[in-house]
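J.: Here it is: the structure, laid out below.
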Amino acid sequence: MANGIVRVGLVGAGGNTRLRHAPGLRAQDGVEIVSVANRSRESGERFAGEFEIPKVYDNWVDLINADDTDAICIGTWPYMHRTLTLAALAANKHVLCEARMAMNAKEAHDMLDASRLKPNLVTQIVPAPSTLDVDATIQDMIADGYLGEILAIKLRVSNTEGRANRNETFADTEAPFHWRQNQLLSGYNAMSMGIWYEQLMRYVGPASKVSAMTKVCVKQRLDENGILRSVSVPDHINVLCQMACGAQAELSWSSVSGLQKGNELWLLGTEGTLNLRGAPNVLYGGRKGDAELTEIPIPPEKKGAWRVEEEWINAIRGEEQITRTPFDVGVQYMEFTEAVARSSQTGQAISLPL
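The working numbering applies: residue 256 is where the sequence shown begins, and numbers increase by one.
So, in structure tokens, the structure goes:
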């Protein structure tokens with residue numbers, strides 16, 4: 256870093272980079288976004304003009320290897336995450352990588368291994384954000400014994416990602432072919448499966464065995480060129496898990512859930528129950544002897560929020576450790592994601608870790 260300034264280069268200027276990373280980095284004192292490279296120079300120049308970025312590169316190789324950056328923010332689709340992360344670490348640059356971490360577990364392990372060879376560099380995966388406001392409260396209640404021994408977990412997610420109308424959850428046969436439905440770009444990632452597994456691990460830890468069935472309900476979609484493409488990424492997923500903590504979990508994600516809207520998580524223990532409904536998130540709980548669940552208020556001081564860019568920059572400066580989310584946690588959710596795919600393909604239960 257020159258004169259205490261952290262100089263950041265952006266590779267990939269998609270939705271989250273525009274919405275979160277560029278504004279978040281600009282809001283940090285002593286940070287300069289010095290360069291950007293996108294899929295085309297034209298789109299890179301538009302982004303640079305919007306965020307006052309002085310240099311646009313024609314390709315990511317030149318940007319990463321340039322001596323004008325200390326850190327690389329990766330905002331591409333998952334198919335490039337391993338390649339870009341390994342290149343940035345080889346160039347001795349800190350890395351903030353967009354979620355999901357990689358295409359599969361092998362790529363995620365490669366990224367983790369490369370990061371461990373450069374312990375002086377900070378590596379971070381963009382965290383699953385949808386429970387940040389309730390995480391601390393749930394974690395503290397579990398630690399304080401509110402649930403007792405956790406026996407069972409139930410999760411139901413109605414996935415509306417990428418839809419213009421987020422209240423519409425019937426099968427959408429007219430929507431165009433999205434990159435998230437292209438396994439060549441997204442790998443084993445499907446819907447918000449990795450997001451919710453990452454969030455669930457914050458409360459109860461990882462799974463030890465996974466059994467899954469998946470279904471592609473809308474099997475073909477028109478791409479941006481009007482060509483009919485086959486869809487291989489499932490839009491309906493059911494998973495049974497044995498958790499390492501001893502609990503059994505029933506997890507489901509669906510983009511074809513009709514009028515069954517929203518998300519709901521149940522944590523069922525010997526002494527109590529926690530029920531999270533959203534979005535927006537509302538937490539309910541009850542213990543032995545209670546007649547019904549009651550809402551649990553979240554103290555303002557416990558409400559977490561998005562601070563990804565702040566955490567990354569602070570870690571680069573040695574002021575804090577990465578907690579949301581380190582590479583080893585990313586490896587765990589990529590192993591789960593791959594285990595779901597393997598189980599669905601083979602009809603067998605898959606043990607974790609892989």
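A virtual CB, placed ideally from N, CA and C, is assigned to each residue, including glycine.
Do you know how far the Cα of Ile380 is from the Cα of Asp390?
T.: Working through the sequence shown from its first residue, we reach residue 390 at position 135. Working through the sequence shown from its first residue, we reach residue 380 at position 125. Distance between the alpha carbons of Asp390 and Ile380: 18 Å.
J.: In whole angstroms, what is the alpha-carbon distance linking Leu341 and Ser295?
T.: Here residue 341 is taken as the residue at index 86 of the sequence shown, counted from 1. Here residue 295 is taken as the residue at index 40 of the sequence shown, counted from 1. The alpha-carbon atoms of Leu341 and Ser295 are separated by roughly 22 Å.
J.: Provide the residue(s) that pair with Asn530 in DSSP beta bridges, ordered along the chain.
T.: Here residue 530 is taken as the residue at index 275 of the sequence shown, counted from 1. DSSP, once it has assigned bridges, lists Trp521 and Tyr539 as partnering Asn530.
J.: Are the CB atoms of Gly541 and Glu547 within a distance shorter than 8 Å?
T.: Locating residue 547 in the sequence shown gives position 292, counting from the first residue. Locating residue 541 in the sequence shown gives position 286, counting from the first residue. Yes, they are a contact pair.
J.: How should Arg457 be labelled, buried or exposed, when 16 other C-beta atoms within 10 angstroms of its C-beta is the threshold for buried?
T.: Along the sequence shown, read from residue 1 onward, the residue named residue 457 stands at position 202. Buried, by the Cβ-count rule.
J.: Count the CB pairs spanning the segment 578–587 and the segment 478–491 that are closer than 8 Å, and state whether there are at least three.
T.: Output reads no: the segment 478–491 does not touch the segment 578–587.
J.: Counting pairs of Cβ atoms below 8 Å between the segment 468–485 and the segment 512–530, do you hit three or more?
T.: Judged by Cβ distances under 8 Å, the segment 468–485 makes no contact with the segment 512–530, as fewer than three pairs qualify.
J.: How is Lys558 classed by DSSP in three states: helix, strand or coil?
T.: For the purposes of this step, residue 558 is taken as residue 303 along the sequence shown, with counting starting at 1. Three-state result, Lys558: coil.
J.: Tell me the rounded alpha-carbon separation between Leu506 and Gly330.
T.: Translated into positions along the sequence shown, residue 506 becomes position 251. Translated into positions along the sequence shown, residue 330 becomes position 75. Cα-Cα distance, rounded: 28 Å.
J.: Please name the residue, chosen from Ala277, Gly270 and Arg273, that lies closest to Arg262 on a Cα-to-Cα basis.
T.: For the purposes of this step, residue 262 is identified with residue 7 of the sequence shown, where counting begins at 1. It is Ala277.
J.: What do you reckon, are the CB atoms on Ile492 and Val459 nearer than 8 Å?
T.: Position 237 of the sequence shown, counted from the first residue, corresponds to residue 492. Position 204 of the sequence shown, counted from the first residue, corresponds to residue 459. Not a contact, by the Cβ cut-off of 8 Å.
J.: Between which residues of its own chain and Ala499 is the CB-CB distance below 6 Å, once the five residues before and five after are set aside?
T.: Here residue 499 corresponds to residue number 244 of the sequence shown, with the count starting at 1. Hits under 6 Å: Gly460, Pro461 and Ser463.
J.: Between which two residues does the beta strand (DSSP E) containing Thr469 stretch?
T.: Working through the sequence shown from its first residue, we reach residue 469 at position 214. Start and end: Ala462 to Lys470.
J.: Per the contact definition of three or more C-beta pairs closer than 8 Å, is the segment 364–382 in contact with the segment 438–445?
T.: As far as the Cβ criterion goes, the segment 438–445 does not touch the segment 364–382, which means the pair count is below three.
J.: From Tyr312, Gln600 and Ala596, pick the residue whose C-alpha is nearest to that of Asn359; which is it?
T.: Taking the first residue of the sequence shown as position 1, residue 359 is located at position 104. It is Ala596.
J.: Pull up the distance between the alpha-carbon of Ile605 and that of Ser413, whole angstroms please.
T.: Position 350 of the sequence shown, counted from the start, is the residue given in the question as residue 605. Position 158 of the sequence shown, counted from the start, is the residue given in the question as residue 413. Each residue's alpha carbon lies about 25 Å from the other.
J.: Would Gly524 and Leu402 qualify as a contact pair, given that the criterion is a beta-carbon distance under 8 Å?
T.: Taking the first residue of the sequence shown as 1, we reach residue 524 at position 269. Taking the first residue of the sequence shown as 1, we reach residue 402 at position 147. In this structure, Leu402 lies closer than 8 Å to Gly524 by Cβ.
J.: According to DSSP, simplified to helix, strand and coil, what is Arg484?
T.: Locating residue 484 in the sequence shown gives position 229, where the first residue counts as 1. Correct three-state label for Arg484: strand.
J.: Around the C-beta of Glu564, are 16 or more other C-beta atoms found within 10 angstroms, so that it is buried, or is it exposed?
T.: Taking the sequence shown and counting its residues from 1, the one referred to as residue 564 is at position 309. Result: buried.
J.: Among residues of its own chain, excluding the 5 on either side of Lys470, which ones have a beta-carbon nearer than 7 Å to its beta-carbon?
T.: For the purposes of this step, residue 470 is taken as the residue at position 215 of the sequence shown. So the list reads Pro489 and His491, once near-sequence residues are dropped.
J.: Do you know offhand how far Val350's Cα is from Glu526's?
T.: Residue mapping note: residue 350 aligns to position 95 of the sequence shown, counting from 1. Residue mapping note: residue 526 aligns to position 271 of the sequence shown, counting from 1. Cα to Cα, Val350 sits roughly 43 Å from Glu526.
J.: What residues match up with Met498 in a beta bridge as DSSP calls it?
T.: Along the sequence shown, read from residue 1 onward, the residue named residue 498 stands at position 243. Bridge partners of Met498: Ala462.
J.: Which residues mark the beginning and the end of the alpha helix (DSSP H) in which Ala268 is found?
T.: Sequence index remark: in the sequence shown, residue 268 carries index 13 (1-based). Taken as a continuous stretch (DSSP letters only), Ala268 belongs to no alpha helix (DSSP H), as it is neither H nor E.
J.: Find out if the Cβ-Cβ distance for the pair Met337, Glu297 is shorter than 8 Å.
T.: Position 82 of the sequence shown, counted from the first residue, corresponds to residue 337. Position 42 of the sequence shown, counted from the first residue, corresponds to residue 297. First, the residue type needs correcting, since residue 337 is Arg and not Met in the sequence shown. Contact flag unset, no.
J.: If you count every other CB in all the chains shown that lies within 10 Å of the CB of Pro333, and 16 or more means buried, which is it?
T.: Working through the sequence shown from its first residue, we reach residue 333 at position 78. It counts as buried.
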